[in-house]
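As structure tokens, the structure follows; a few thoughts come after it.
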Amino acid sequence: MDGGRRKEVHVLVFPFPGQGMVNCMLKLADLLSGAGLLVTFLNTHHNHRHLSRFSGAHTRLAQRPKFRFASIPDGLSEEETRSVFNFFDLEESMRTRAAASFRDLLIAYRDKDSGGWPPVTCVIADGLMPFAVDVSEEVGIPAIIFRTISACCVWAFLCVPKLLENGEIPFPEGADLDEPVRGVPGMESFLRRRDLPSFCRQARDHTDRELQVVSSVTASANRARALILNTFESLEGSALSHIRNNSPVTYAVGPLNALARTSSDSGSLWQEDRDCMTWLDSQPDRSVVYVSFGSLAVVTREEFMEFWHGLVDSGQRFLWVVRSDLINRRGGGTEVLPAEVEEGTRERGCMVGWAPQEEVLSHPAVGCFLTHSGWNSTLESIAAGKPMLCWPFFADQQINSRFVSAVWGIGLDMKDLCGRSIVEKMVREVMEGERSEELRRNAREMAEMAKKSVAEGGTSFNEFQSLIRLIMSLDS
Ligand code: UDP
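All letters in the sequence shown, in the order written, are residues 1 to 476 by our numbering.
Rendered as structure tokens:
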């Protein structure tokens, strides 16, 4: 208490520096601010520059007197950070180098009156950075963790020690990837080797660095006061109940884009091309396949061409996000697309460098989402009630796409296949084939469940209120 008056609660939100995490945690920050808390949103310098240039949400939130943005260095040189996004290099740099800047900033925010703002009373850090919890608690500020992946993947990561112990991973030489996996309770009837998060498939032995990082980072969530997940009970109730054995105070508050219904602007780090909205307006209802592989995935030129031919051969219209670094980024330089792509696309397609994805997904012209199954994209599609065709790349995407197809029945999984005839066949199947009506119906029903969970009295609505109460109680 401060002179008999209750201090204002000040939360510092600190995402891992990737587009999906920033977008998702900015939504949470927006909601916390809407609930009356003071919020500092902490980015890396690099992402801060991009967010302030390209994000509508940044422009809106920066005008709020009780919301501010701050930034620290990520510890990498500009060239290192941008030449190749390597999650593990960035994770290591944040842990070993950015951590010191984070500590200095927290101490300054704790001790000094920074611009008339009261001290930080609670940190909400991305679960990929457990060091942020340790640093916060060490300087006397309680910390909460936010994992921006699916609950099913968090649960699979928590099971990694058991999977190693019973010899499920590493996979034996020449393993049949369609064999079922034992050791992830609740998923044994449908989880195959190929559906495990990509790190399990890549691991050569039990000391594999990437597998160790993801599983130990996930298990360390229980060091925080609470765990926040962007999901909802009726979608992932079973995984959530398993996770609560490790982290008893877990709040499922998603889909955050539906809970934050006040605005559809995004935390984009890329310049959105809004011309695609005009193009969509001129297309018939449910006639367009929206194609996006998120912010990180990279395809080879051959894969790109197989997708393009498959889409054209399917006879469907399409809107495709082709980021400037989507093709062969590792080769360096920008790929020039063959002339046939430009000509063939003009007839029934549209390509953009970056789209206002949530708006696109809500547009009536969009009939399905050909996606890499990133968790944000998956939830945005669920909230918009659009069926999916999944082509997962890495991390949680393999398990997300299995849930989309085999558990929730709201899409098809094209995992590990990418020939043009497969693409053509599966696009047709989702858009107009025998199963398309069923997939659409299931997707609509799932969107209704999402809506209920974020409406007053719904599970995500209630868990968000509980989270606010917990944060207030930390301000002692
Ligand atoms: N996104 C967007 N425009 C695009 C492509 C993606 O706004 O053209 C957003 C999308 O809405 C999502 C995020 O970028 O919020 C991607 O996150 P996701 O977890 O799906 O995948 P990642 O980029 O982390 O692989």
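C-beta atoms are modelled at their ideal positions from N, C-alpha and C, and glycine is treated no differently.
Can residue 54 and residue 271 be called in contact, C-beta distance under 8 Å? Cβ distance < 8 Å, so residue 54 and residue 271 count as in contact.
With a threshold of 8 Å on Cβ separation, who are the neighbours of residue 45 within its own chain once the five nearest residues in sequence on each side are excluded? Apart from the 5 residues on each side of it in sequence, residue 45 sits with its Cβ closer than 8 Å to the Cβ of 71, 72, 73 and 74 in its chain, given in chain order.
Determine the closest residue to residue 442 out of 354, 291 and 408, with distance taken between C-alpha atoms. Just measuring C-alpha positions, the residue of 354, 291 and 408 sitting nearest residue 442 is 408.
Below 6 Å CB to CB, which residues in the same chain sit around residue 157 once its five sequence neighbours on both sides are set aside? The residues are 214, 215 and 218.
Within 10 angstroms of its Cβ, does residue 108 collect 16 or more other Cβ (buried), or is it exposed? In the assembly as shown, residue 108 is an exposed residue. Its beta-carbon has fewer than 16 other beta-carbons within 10 Å.
Tell me the rounded alpha-carbon separation between residue 146 and residue 58. Their Cα atoms are separated by approximately 20 Å.
Within 8 Å, strictly: CB atoms of residue 132 and residue 123: In this structure, residue 132 places its C-beta atom within 8 Å of the C-beta atom of residue 123.
I'd like to confirm something about residue 303: is its beta-carbon nearer than 7 Å to some heavy atom of the ligand GDP, or not? This structure simply doesn't include the ligand GDP; it includes the ligand UDP instead.
Could you name the residues that DSSP lists as bridge partners for residue 144? Per DSSP, the beta bridge partners of residue 144 are 124.
Where does residue 460 fall in DSSP's three states? It is helical.
Residue 7 to residue 464 span [Cα, whole Å]: About 21 Å.
For the ligand UDP, is there a heavy atom less than 7 Å away from the beta-carbon of residue 91? When distances are taken from the beta-carbon of residue 91 to the heavy atoms of the ligand UDP, even the shortest one reaches 7 Å or more.
Quick check for students: name the residue ranges of the alpha helix (DSSP H) that lie wholly in the region 328-383, counting only runs of 4 or more. With a minimum length of 4 residues, the continuous alpha helix (DSSP H) runs that stay inside the region 328-383 are 339-348 and 357-362.
Span of the alpha helix (DSSP H), counted from its first residue to its last, around residue 21: Note, residue 21: alpha helix (DSSP H), 19-34.
According to DSSP, is residue 435 helix, strand or coil? Reduced to three states, the DSSP call for residue 435 is coil.
Determine the closest residue to residue 306 out of 350, 259, 233 and 425, with distance taken between C-alpha atoms. For the options 350, 259, 233 and 425, the alpha carbon positioned closest to that of residue 306 is the one of 425.
Is there at least one non-hydrogen atom of the ligand UDP closer than 7 Å to the beta-carbon of residue 401? Residue 401 Cβ: outside cutoff for every heavy atom of the ligand UDP.
Count the other CB atoms, across all protein chains shown, that sit within 10 Å of the CB of residue 416; report buried if there are 16 or more and exposed otherwise. Residue 416 is exposed by the Cβ-count criterion.
Give a single yes or no on whether residue 55 has its beta carbon closer than 7 Å to a heavy atom of the ligand UDP. For the ligand UDP, not one heavy atom lies less than 7 Å from the Cβ of residue 55.
DSSP three-state label for residue 155, please. Correct three-state label for residue 155: helix.
Using a Cβ-based criterion (distance less than 7 Å to any ligand heavy atom), does residue 291 qualify as near the ligand UDP? Residue 291 Cβ: outside cutoff for every heavy atom of the ligand UDP.
CB contact flag (residue 379, residue 284, <8 Å): Going by C-beta atoms, residue 379 is not nearer than 8 Å to residue 284.
Residue 8 CB to nearest heavy atom of the ligand UDP below 7 Å: Judged by the Cβ position, residue 8 fails to qualify as a neighbour of the ligand UDP at the 7 Å threshold, every heavy atom of the ligand being at least this far.
Rounded to whole angstroms, what's the CA-CA distance from residue 399 to residue 111? Just pull it up for me. Cα to Cα, the separation comes out at about 44 Å.
Can you grab the Cα-Cα spacing for the pair residue 470 / residue 27, in whole Å? Annotation: residue 470 to residue 27 spans about 19 Å, alpha carbon to alpha carbon.
Compare the beta carbon distance of residue 22 and residue 258 with 8 Å and say whether it is the shorter of the two. Between residue 22 and residue 258, the CB-CB gap reaches or exceeds 8 Å.
So, residue 385 versus residue 444, is the Cβ gap smaller than 8 Å? Against a cut-off of 8 Å, the Cβ pair of residue 444 and residue 385 comes out as a contact.
If you reduce the DSSP assignment to three classes, tell me which class residue 48 lands in. If DSSP states are grouped into helix, strand and coil, residue 48 belongs with the helices.
Would the beta-carbon of residue 86 be found less than 7 Å away from any heavy atom of the ligand UDP? Placement of the Cβ of residue 86 at a distance of 7 Å or more from every heavy atom of the ligand UDP is found.
Suppose only complete runs of 4+ residues qualify. What are the alpha helix (DSSP H) ranges in the region 208-278, listed by chain order? Listed in chain order, the alpha helix (DSSP H) elements of length 4 or more contained wholly in the region 208-278 are 209-219, 233-246 and 256-259.
Does the region 280-300 come within contact of the region 314-322, defined as at least 3 CB pairs closer than 8 Å? Judged by Cβ distances under 8 Å, the region 280-300 makes contact with the region 314-322, as three or more pairs qualify.
Just confirm the distance between the C-beta atoms of residue 276 and residue 148, as a whole number of angstroms; I'd bet it's less than 8 Å. A Cβ-Cβ separation of about 25 Å leaves residue 276 out of contact with residue 148 under the 8 Å criterion.
How should residue 174 be labelled, buried or exposed, when 16 other C-beta atoms within 10 angstroms of its C-beta is the threshold for buried? With a 10 Å radius around the Cβ and a threshold of 16 neighbouring Cβ atoms, residue 174 comes out exposed.
Quick one: using the 10 Å Cβ neighbour count with 16 as the cut-off for buried, is residue 47 buried or exposed? Buried.
Flag this pair as yes or no: are the beta carbons of residue 144 and residue 225 separated by less than 8 Å? Yes, the Cβ-Cβ distance between residue 144 and residue 225 is below 8 Å.
Start and end of the beta strand (DSSP E) containing residue 71? Here the beta strand (DSSP E) through residue 71 covers 67-72.
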